[in-house]
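To keep things clear, I will list the structure first and then write my remarks on it.
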Amino acid sequence: MTRDGSVQAIEAYLETHCGSLDGCSPYSDEVLDGFLELGPLHYFIPPSLGGRRTGAESYLNIVETTAYYSLPLGLTLGITGSLFLMPFLKHATPDLLARVIPDFLNGPALGGIMITEPTGGTDVFGLRTTIAQGDGSMTLTGRKCWGGLTGKAEHWLVAGRVVRGDRLTRSLKLLYVPRSSPGISVATTFDALGLQPIPYGETAFDDVEVPDAHNLTPKGTSVLRVMYDTLFRSRLGIAAIASGLCKRLSEEVDARAAKRVVFGGPIDRFDQVQYRLSSIRGLAQMNHCLLRFTAEWMDRHEDVSGHYVLVNAVKVVASDSMAAAADSATQLFASAAYKRNHLVGRAYVDSRPFQIFEGSNDVLHDNTFEIVAGKYGSVNSDAISQELETYGLRLPEDLPEGILAALSAAKESPQREQVQYGKIIEWIVVLAVVDHIHAKENAPVEDARRVASFHLAARLAELPYLG
Ligand SMILES: Cc1cc2nc3c(=O)[nH]c(=O)nc-3n(C[C@H](O)[C@H](O)[C@H](O)COP(=O)(O)OP(=O)(O)OC[C@H]3O[C@@H](n4cnc5c(N)ncnc54)[C@H](O)[C@@H]3O)c2cc1C
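Letter by letter, the sequence shown follows residues 14 to 480 in the working numbering.
In structure tokens form, the structure reads like this:
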């Protein structure tokens with residue numbers, strides 16, 4: 014095979030090494046290295062630094078293709094590309110870029126981000142890792158957990174709180190820390206439920222000396238904006254992983270249902286099976302629309318740290334739909350999927366944490382309500398229309414009956430209700446994206462529209478029963 018780094022070469026490699034449906038095993042170091050040598054990470058790096066990035070679509074397409082063949086490999090690319098390379102390329106000094114980026118251009122290098130600590134991941138102001146300013150360098154001390162590629166990636170972004178004397182301030186910093194720095198060790202390796210072979214664990218930082226030049230958020234920079242812009246871009250990128258996974262699952266269930274014979278005929282003659290097939294197809298169509306929209310959106314905006322509602326909607330719906338598609342595909346494959354070496358069974362386990370990391374979906378639903386209510390004073394149709402307009406989107410005309418009336422009646426209420434309204438707003442945003450991409454590109458969206466409307470109607474019907 015030609016190692017020319019083209020999309021075709023990458024896809025051919027993935028098909029050879031990760032294409033199997035029922036011979037699916039965690040990728041080996043050798044397969045990973047061979048993949049990285051083909052240059053998938055070059056699509057995150059701009060041509061001025063020797064890469065091939067022409068826009069967000071160039072790297073999102075590679076992530077989508079990779080996730081189609083292997084969800085863990087797609088996530089490996091997402092972690093290194095979106096959570097390390099993108100913020101590093103944006104905020105590192107030219108000197109630091111010149112030292113680090115060649116590693117990603119010439120060798121099989123990996124990177125990641127460490128924010129979460131043993132005491133929790135949701136509350137970023139509760140971090141306990143400390144950064145003490147010295148003369149020309151900083152001292153990093155603390156414990157981080159669940160950093161994807163723990164112990165494997167060499168290049169890390171690590172978040173901590175500035176300490177002055179004995180006082181832990183609310184001021185945050187994001188530092189570039191190579192794993193080879195003295196004082197770093199992997200204290201524990203977790204036996205994670207899925208996503209093998211991505212290593213997870215707890216990393217100890219014992220008085221690690223970090224040069225001032227490794228501070229990616231120097232004085233005058235808003236650290237929260239840098240962190241949110243980084244996390245929000247990565248959340249938007251989940252649509253690419255979801256699109257690849259749902260497309261693969263849709264194709265595999267179609268093929269399976271056409272040839273699995275029950276009571277003398279293929280199972281795809283059953284109405285219920287056809288409904289599952291069209292729903293999974295709808296999730297694939299929907300995520301592809303989200304990918305197309307977010308790629309353009311990210312290119313048009315240097316900073317997406319304020320775009321909460323769009324980001325929340327894309328993240329929760331993409332991650333929920335991965336889990337829903339994997340669950341439904343498992344039902345259709347039935348016993349055949351319930352094996353560690355089956356792509357569908359693995360997808361069932363591997364898709365679950367996408368609803369937990371990069372912002373717990375529970376928390377994001379509530380945030381969606383709070384943001385819209387806080388900005389417009391209510392979450393009625395005018396408020397939603399105005400919010401959609403900020404993204405160049407329009408309120409869908411054929412929303413399920415009663416949705417707009419329910420939103421108009423919504424007020425600050427128990428969190429469980431706010432979460433429900435948040436979910437409704439998120440599905441409206443997604444439906445608006447689907448309509449937008451359909452109008453622009455004539456993309457097939459019939460099944461996606463039905464799935465979105467189903468979810469809207471279901472969330473509405475649940476409202477009186479939240480207890
Ligand atoms: C497979 C995997 C990969 C990961 N990769 C990384 C990584 O690369 N880097 C990294 O830094 N971290 C990573 N994480 C950690 C992840 O980001 C955290 O797990 C996540 O932020 C949630 O933090 P927590 O697990 O401590 O849950 P907690 O913060 O303890 O929250 C638990 C639950 O409490 C509820 N809750 C919390 N706050 C609220 C609220 N305000 N309102 C309502 N309900 C609330 C929600 O139901 C939430 O899910 C990963 C985790 C997993 C499982």
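In this text, a Cβ means the ideal position worked out from N, Cα and C, and glycines have one as well.
The structure displayed is predicted, hence computed values, not measured ones.
Range covered by the beta strand (DSSP E) that runs through residue i
i	result
GLY124	124 to 127
GLY372	Note, GLY372: premise wrong, no beta strand (DSSP E); not H, not E.
ILE280	Looking at the DSSP string, ILE280 is not in any beta strand (DSSP E), and its letter there is neither H nor E.
PHE218	214 to 224
ALA172	168 to 177
PRO107	From DSSP, PRO107 is part of no beta strand (DSSP E) but of the alpha helix (DSSP H) over 107 to 119.
LYS165	Segment: none, LYS165 is in no beta strand (DSSP E) and carries neither H nor E.
Classification of residue i by the beta-carbon crowding that lies within 10 angstroms, buried from 16 upward
i	result
ASN119	exposed
PRO85	buried
MET14	Confidence at MET14 is low in this model, with a pLDDT of 35, below 50, so its placement is unreliable and the value that follows should be read with caution. The residue is exposed, with fewer than 16 neighbouring Cβ atoms inside 10 Å.
TYR478	exposed
PRO115	exposed
ASP460	buried
ARG429	exposed
First through last residue of the alpha helix (DSSP H) which encompasses residue i
i	result
ILE92	It is not in any alpha helix (DSSP H) - ILE92 carries neither H nor E in the DSSP assignment.
SER466	459 to 475
SER332	321 to 346
SER19	Premise fails: SER19 is in no alpha helix (DSSP H) and is neither H nor E.
Through-space distance from residue j to residue i, alpha-carbon basis
i	j	result
ALA297	TYR404	22 Å
TYR213	ARG156	13 Å
ILE482	PRO409	Outside the shown range of the chain (14 to 480) lies residue 482, about which nothing can therefore be said.
VAL6	GLY295	Missing from the structure shown is residue 6; the chain here goes from 14 to 480 and no further.
TYR189	TYR361	34 Å
GLU439	SER318	17 Å
VAL376	PHE276	46 Å
ALA105	SER83	31 Å
PHE283	ALA349	19 Å
ALA326	LYS436	8 Å
GLU309	VAL446	12 Å
HIS227	VAL199	21 Å
SER466	LEU444	8 Å
ALA338	PRO224	46 Å
GLY480	ALA423	16 Å
GLY420	LEU323	First, the residue type needs correcting, since residue 420 is Leu and not Gly in the sequence shown. LEU420 and LEU323: Cα-Cα distance of roughly 18 Å.
CYS302	ASN374	20 Å
LEU237	SER184	9 Å
Beta carbon of residue i nearer than 7 Å to that of residue j
i	j	result
PHE97	HIS168	yes
ALA69	ASP312	yes
SER332	ILE251	yes
VAL221	SER194	yes
LEU49	GLY18	no
ARG192	LEU181	no
THR307	LEU249	yes
Cutoff 7 Å: residue i Cβ touching any chain D Cβ
i	result
MET240	The chain labelled as chain D is not found in the depicted structure, where only one protein chain is given.
Exercise for the section: Count the C-beta pairs between the stretch 68 to 78 and the stretch 29 to 49 that are closer than 8 Å, then say yes if the count reaches three, no if not. Expected result: No: the two stretches stay apart, fewer than three of their Cβ pairs being nearer than 8 Å.
Problem - the stretch 383 to 390 touching the stretch 356 to 372, judged by at least three CB pairs closer than 8 Å - result: no
Practice task
Kindly confirm or deny that the stretch 395 to 403 and the stretch 453 to 461 touch, where touching means at least three C-beta pairs closer than 8 Å.
Solution key: no
Handout entry: Stretch pair the stretch 149 to 166 + the stretch 115 to 131: three plus CB contacts closer than 8 Å
Key = yes
Handout entry: the stretch 466 to 479 / the stretch 409 to 421 touching (three or more Cβ pairs under 8 Å)
Key = yes
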